[in-house]
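K.L.:
Quick one: the structure is below, and I'll ask about it shortly.
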DNA sequence: ATGTTCTTGTGATCTCTTTCACAAGCGAGA
DNA sequence: TCTCGCTTGTGAAAGAGATCACAAGAACAT
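Chains as they are written, first to last, in the working numbering: chain V, 7 to 225; chain C, 7 to 225.
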């Protein structure tokens, strides 16, 4: 096991877990690969293949024990330990995430928040005090921050990521619309609304073109 | 042309476009596939292959005309027309997007915002008045809304998506952490912070395991 | 015991994406 | 006009991921 697992597989595992948690809450005992597949928008074979990379969790003829598989997946994804996150930049996105209690609800510890703007330093957002950037390195190492959330403007994003990594972050979640460079060995994911919106525009436009062609063919 | 283009290709096209706009602004005339690749985190061959699906835009030996390619990509992605978006649910995320002027800055028209909470109806968020859900269908058709942004709690997401599509939306951007079903022909993208965060946890954890194994091998 | 029914786990296969490698083409300079 | 240096566009090869299809097992009824 522990060969290279693709991002798409990992994303699906998260979805399975989400579903399992819901089922567990309403005390359903068993679920089949098909049941899981339908709830998460994939196929039964895909579910089984994904799980098979990590071991064998089901009973033939029966399916998977909901609670059991849930625990296994939490283990696999690394969610049995606590994770400390820091939010860099408390503009609209940063403060939305903090104010919402987003991280806390999902079992992440918000260890700190930072902003370059002196007017924002000292504010309390969702129970976290905004600190000046000068305290970044010290705070990261004091509180064992391993995940950095980049929510700064584009211009500052790369520098913040670099500082975060140098200060000990092992993973970066980037909300700024730039491609960030991080040393290999540091995990990196991005959330880019513009990319997704433009993707939708393309899809709608291209679907239109296809419709045009079909119409042409009919003539 | 206009065969099925993969999502990953479309995402890269958006990245190229973003870069081209920056270059155009600072009046750089020409860029090579390598230049574009380095700025967007891919390879020169990939850039050329991506573009080749839509035609032939460069000059051999020279590279691509920045302004020209920019316009071509805007055309391909469907960004030369105006798009009307509606925001469904003005909780933390919805109002962050509106308040930020996010859509307007990027050339999208915010046609409307809706919320189920009567206390929120009537509020002005970034110049948009929040409307009650009862006005959804009428407003969608009056203003030609083609993109629906789902920013409601999980429970309401599927119903809102269904209503939006029935009211004329051709694309859905979903911020709620559920898999939504939409009829084929409707474009759909999702932004799920939890999925990305858990993905990071996995990557850090798995990287740790790999390190462990290496250490074991050395012993 | 035996048969029936169901669902898993997994090799084999298929499909899609990325990478490679190179001929074709452009511009500049002699 | 010819040559040289550079970069595109693209078939062919390699790599990755998703799908298929079925043997292996588990429960339960007879």
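Cβ atoms here follow ideal geometry from the backbone N, Cα and C, with glycine treated the same way.
Report all residues from its chain with a CB closer than 7 Å to the CB of residue 158(V); omit the five preceding and five following residues, and keep chain order.
P.N.:
Residue mapping note: residue 158(V) aligns to position 152 of the first chain, counting from 1. Same-chain partners within the cutoff: 94, 95, 166 and 182.
K.L.:
Just how far apart, CA to CA, sit residue 208(V) and residue 82(C)?
P.N.:
The residue labelled residue 208(V) in the question sits at position 202 within the first chain. The residue labelled residue 82(C) in the question sits at position 76 within the second chain. In a straight line, the C-alpha of residue 208(V) is about 7 Å away from that of residue 82(C).
K.L.:
Output, in sequence order along the chain, the residues in the region 100 to 118 of chain V whose CB is closer than 9 Å to any CB in chain C.
P.N.:
Answer set for the region 100 to 118 of chain V: 101, 102, 103, 105, 106, 108, 109, 112 and 114.
K.L.:
Quick check: the Cα distance between residue 180(C) and residue 186(C), rounded to an integer number of angstroms?
P.N.:
In the second chain, counting from the first residue as 1, residue 180(C) sits at position 174. In the second chain, counting from the first residue as 1, residue 186(C) sits at position 180. Distance between the alpha carbons of residue 180(C) and residue 186(C) is about 8 Å.
K.L.:
For residue 43(V), which residues from the same chain have a beta carbon less than 6 Å from its beta carbon, with the 5 sequence-adjacent residues on both sides left out?
P.N.:
Numbered from its first residue, the first chain carries residue 43(V) at position 37. Excluding sequence neighbours, residue 43(V) sits near 49, 50 and 53.
K.L.:
Please go through the same chain and pick out, in chain order, the residues whose beta-carbon is closer than 8 Å to the beta-carbon of residue 74(C), but skip the five residues on each side of it.
P.N.:
Residue mapping note: residue 74(C) aligns to position 68 of the second chain, counting from 1. Answer for residue 74(C): 63, listed in chain order.
K.L.:
Do residue 121(V) and residue 205(C) have their beta-carbon atoms positioned less than 8 Å apart in this structure?
P.N.:
Along the second chain, one-based indexing puts residue 205(C) at 199. Along the first chain, one-based indexing puts residue 121(V) at 115. Contact flag unset, no.
K.L.:
What does the Cβ neighbour count give for residue 88(V), buried or exposed, with the cut at 16 atoms within 10 Å?
P.N.:
Along the first chain, read from residue 1 onward, the residue named residue 88(V) stands at position 82. Exposed: under 16 other Cβ atoms inside 10 Å.
K.L.:
Rounding to the nearest angstrom, what Cα-Cα distance links residue 225(V) and residue 162(C) in this structure?
P.N.:
As a position in the first chain, residue 225(V) is number 219, starting the count at 1. As a position in the second chain, residue 162(C) is number 156, starting the count at 1. For residue 225(V), the pLDDT reaches just 46, beneath the cut-off of 50, and the residue's location in the model is therefore unreliable, leaving the point undetermined.
K.L.:
Secondary structure at residue 36(C), three-state DSSP: helix, strand or coil?
P.N.:
As a first step, residue 36(C) is located in the second chain; it is residue number 30 there, counting from the start. The answer is strand: DSSP assigns residue 36(C) an E or B state.
K.L.:
Does residue 22(C) get closer than 8 Å to chain V when you measure Cβ to Cβ?
P.N.:
Mapped onto the second chain, residue 22(C) falls at position 16. No - not a single Cβ of chain V is within 8 Å of the one on residue 22(C).
K.L.:
At what residues does the beta strand (DSSP E) containing residue 76(V) begin and finish?
P.N.:
Stepping through the first chain from its first residue, residue 76(V) is reached at position 70. No beta strand (DSSP E) contains residue 76(V), which is instead part of the alpha helix (DSSP H) from 72 to 83.
K.L.:
Can you name the start and end residues of the beta strand (DSSP E) that residue 90(C) belongs to?
P.N.:
Within the second chain, the letter at position 84 stands for residue 90(C). Per DSSP, residue 90(C) belongs to the beta strand (DSSP E) from 89 to 94.
K.L.:
Per DSSP, what kind of secondary structure is residue 99(V) in: helix, strand or coil?
P.N.:
Taking the first residue of the first chain as 1, we reach residue 99(V) at position 93. Helix, per DSSP.
K.L.:
Using only CA atoms, which one of 190(C), 20(C) and 218(C) lies nearest to residue 47(C)?
P.N.:
In the second chain, the residue the question calls residue 47(C) occupies position 41. The option with the nearest alpha carbon to residue 47(C) is 20(C).
K.L.:
Between the region 25 to 38 of chain C and chain V, which residues of the former have a C-beta closer than 8 Å to a C-beta of the latter?
P.N.:
Against chain V - using a Cβ distance shorter than 8 Å - the region 25 to 38 of chain C contributes no residues.
K.L.:
Starting from residue 63(V), trace the beta strand (DSSP E) in both directions and tell me its first and last residue.
P.N.:
The sequence position of residue 63(V) within the first chain is 57, counting from 1. Residue 63(V) -> no beta strand (DSSP E), and no H or E assigned at all.
K.L.:
Looking at C-alpha atoms only, which residue of 189(V), 160(V) and 84(V) is the closest neighbour of residue 170(V)?
P.N.:
Stepping through the first chain from its first residue, residue 170(V) is reached at position 164. It is 189(V).
K.L.:
Should residue 36(V) and residue 78(V) be called a contact, given that it needs their Cβ atoms to be closer than 8 Å?
P.N.:
Indexing the first chain from 1 puts residue 36(V) at position 30. Indexing the first chain from 1 puts residue 78(V) at position 72. It is not a contact, given that the beta carbons lie outside the stated cut-off.
K.L.:
Which residues, taken in chain order from the region 194 to 211 of chain C, show a beta carbon closer than 7 Å to some beta carbon of chain V?
P.N.:
Answer set for the region 194 to 211 of chain C: 195, 197, 199, 200, 201, 202, 203, 204, 205, 206, 207, 208, 209, 210 and 211.
K.L.:
Specify, as a first and last residue, the run of the alpha helix (DSSP H) that residue 123(C) falls within.
P.N.:
Counting from 1 along the second chain, the entry for residue 123(C) is found at position 117. It is not in any alpha helix (DSSP H) - residue 123(C) carries neither H nor E in the DSSP assignment.
K.L.:
Whose CA, out of 217(V), 218(V), 216(V) and 201(V), lies closest to the CA of residue 85(C)?
P.N.:
Indexing the second chain from 1 puts residue 85(C) at position 79. For residue 85(C), the nearest C-alpha among the options comes from 201(V).
K.L.:
Compare the C-beta of residue 11(C) with all C-beta atoms of chain V and state if any pair is closer than 8 Å.
P.N.:
Numbered from its first residue, the second chain carries residue 11(C) at position 5. It does: the Cβ of residue 11(C) has a partner Cβ on chain V nearer than 8 Å.
K.L.:
Mind checking which residues open and close the beta strand (DSSP E) that includes residue 28(V)?
P.N.:
The count along the first chain starts at 1 and reaches residue 28(V) at position 22. Careful: residue 28(V) lies outside any beta strand (DSSP E), inside the alpha helix (DSSP H) at 13 to 31.
K.L.:
Since residue 155(V) and residue 91(V) should fall inside the 8 Å C-beta cutoff, what is the C-beta to C-beta distance between them, to a whole number of angstroms?
P.N.:
Residue numbering aside, residue 155(V) sits at position 149 when the first chain is read from its first letter. Residue numbering aside, residue 91(V) sits at position 85 when the first chain is read from its first letter. So it is a contact: roughly 6 Å between Cβ atoms.
K.L.:
Return helix, strand or coil for residue 218(V), following the three-state DSSP convention.
P.N.:
Working through the first chain from its first residue, we reach residue 218(V) at position 212. Helix.
K.L.:
Just to check my reading of the structure: residue 3(V) and residue 106(C) have Cβ atoms closer than 8 Å, yes? What is that Cβ distance to the nearest angstrom?
P.N.:
Because chain V spans 7 through 225 in this model, residue 3(V) falls outside it and cannot be assessed.
K.L.:
Can you give the Cα-Cα distance for residue 72(V) and residue 26(V), rounded to whole angstroms?
P.N.:
Stepping through the first chain from its first residue, residue 72(V) is reached at position 66. Stepping through the first chain from its first residue, residue 26(V) is reached at position 20. Just so you know, the alpha carbons of residue 72(V) and residue 26(V) end up roughly 6 Å apart.
K.L.:
Could you spell out where the alpha helix (DSSP H) holding residue 160(V) opens and where it closes?
P.N.:
Stepping through the first chain from its first residue, residue 160(V) is reached at position 154. Here the alpha helix (DSSP H) through residue 160(V) covers 160 to 172.
K.L.:
Assign residue 18(C) to one of two classes, buried (16 or more other C-beta atoms within 10 Å of its C-beta) or exposed (fewer than that).
P.N.:
In the second chain, the residue the question calls residue 18(C) occupies position 12. Buried is the call here.
K.L.:
Against chain C, does residue 98(V) count as a neighbour if the rule is that its beta carbon must be under 8 Å from one of theirs?
P.N.:
Here residue 98(V) corresponds to residue number 92 of the first chain, with the count starting at 1. Yes, because at least one Cβ of chain C sits closer than 8 Å to the Cβ of residue 98(V).
K.L.:
In chain order, what residues of the same chain have a beta carbon less than 7 Å from the beta carbon of residue 29(C), not counting five sequence neighbours either side?
P.N.:
By 1-based counting over the second chain, the position of residue 29(C) is 23. Excluding residues within five positions, the ones whose Cβ falls inside 7 Å are 37 and 72.
K.L.:
Am I right that residue 137(C) and residue 118(C) are in contact with their C-beta atoms under 8 Å? What's the rounded C-beta distance?
P.N.:
Numbered from its first residue, the second chain carries residue 137(C) at position 131. Numbered from its first residue, the second chain carries residue 118(C) at position 112. At roughly 6 Å, the Cβ-Cβ gap stays under 8 Å, so residue 137(C) and residue 118(C) are in contact.
K.L.:
Under the DSSP definition of a beta bridge, which residues are partnered with residue 138(C)?
P.N.:
On the second chain, residue 138(C) is found 132 positions in, with the first residue counted as 1. Residue pairing of residue 138(C) in beta bridges, as defined by DSSP: 121(C).
K.L.:
Which residue from 213(V), 23(V) and 130(V) puts its Cα closest to that of residue 112(V)?
P.N.:
Taking the first chain and counting its residues from 1, one reaches residue 112(V) at position 106. If we check each option's Cα against that of residue 112(V), 23(V) comes out closest.
K.L.:
Measure the CB-CB distance between residue 177(C) and residue 192(C) and report whether it falls below 8 Å.
P.N.:
Translated into the one-based positions of the second chain, residue 177(C) becomes position 171. Translated into the one-based positions of the second chain, residue 192(C) becomes position 186. Yes.
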